[in-house]
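Colleague:
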Amino acid sequence: GDQCAFIGNQFKDVGTATEHITMVAGADDNVFVGNQVNDADPLVGGTIETTNQFRANPGFVTENSSQAQITSGNTTVAVTHNLDYTPVVNQIQVTLNSSLGSATEFWTSSVTSTQFVINVDQDPTATVTFSWQIIRVRG
Numbered sequence: 032g033d034q035c036a037f038i039g040n041q042f043k044d045v046g047t048a049t050e051h052i053t054m055v056a057g058a059d060d061n062v063f064v065g066n067q068v069n070d071a072d073p074l075v076g077g078t079i080e081t082t083n084q085f086r087a088n089p090g091f092v093t094e095n096s097s098q099a100q101i102t103s104g105n106t107t108v109a110v111t112h113n114l115d116y117t118p119v120v121n122q123i124q125v126t127l128n129s130s131l132g133s134a135t136e137f138w139t140s141s142v143t144s145t146q147f148v149i150n151v152d153q154d155p156t157a158t159v160t161f162s163w164q165i166i167r168v169r170g
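Listed below in structure tokens is the structure:
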């Protein structure tokens with residue numbers, strides 16, 4: 032459905048389900064907050080539209096952050112995000128923590144269910160350090 036709120040629920044193993052809530056294409060503007068998943072099945076599966084919002088759902092990882100480096104001689108680094116959904120590129124925030132060296136710009140690409148790539152336009156000739164953060168917010 033559209034514009035539903037799933038707040039403060041507890042989800043437990045029901046045996047044959049592959050996920051607790053199956054989303055269909057076009058299910059927009061739903062909110063999932065404070066739901067607890069108590070088994071190995073994901074909270075949500077199916078087609079998860081970018082307009083759905085997820086926050087603070089233990090057992091369903093929708094937020095993560097860390098650091099990554101591109102070393103001299105390279106122009107990319109693949110970053111494993113460890114999320115339970117595939118983010119879209121505008122949900123990935125990357126911050127430069129060092130000089131770009133010889134490079135002049137950076138960007139993200141190749142987002143998959145397990146990783147994304149940070150790119151620079153040329154060999155930086157030094158190690159470039161980034162912080163990254165992904166938060167599942169309204170797209």
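Numbers given in our numbering equal positions in the sequence shown, counted from 1, plus 31.
From the three backbone atoms N, C-alpha and C, an ideal C-beta is built for every residue, glycine too.
Assign Ile38 to buried or exposed, taking buried as 16 or more other Cβ atoms, counted over all protein chains shown, within 10 Å of its Cβ.
Modeller: It is exposed - the Cβ of Ile38 has fewer than 16 other Cβ atoms within 10 Å.
Colleague: What first and last residue would you give for the beta strand (DSSP E) that runs through Gly104?
Modeller: Careful: Gly104 lies outside any beta strand (DSSP E) and carries neither H nor E.
Colleague: Distance check for Asp115 and Asp70, CA to CA, integer angstroms please.
Modeller: 14 Å
Colleague: Where Asn88 and Ser103 are concerned, what is the direct C-alpha to C-alpha distance, given to the nearest angstrom?
Modeller: The straight-line gap from Cα to Cα measures roughly 39 Å.
Colleague: Using DSSP with H/G/I as helix, E/B as strand and the rest coil, what is Asn121?
Modeller: Here Asn121 sits in helix by DSSP.
Colleague: When we look at the beta-carbon of Thr117 and count the other beta-carbons within 10 Å, is it buried (16 or more) or exposed?
Modeller: exposed
Colleague: Quick one: what does DSSP say Glu50 is sitting in, helix, strand or coil?
Modeller: Coil, per DSSP.
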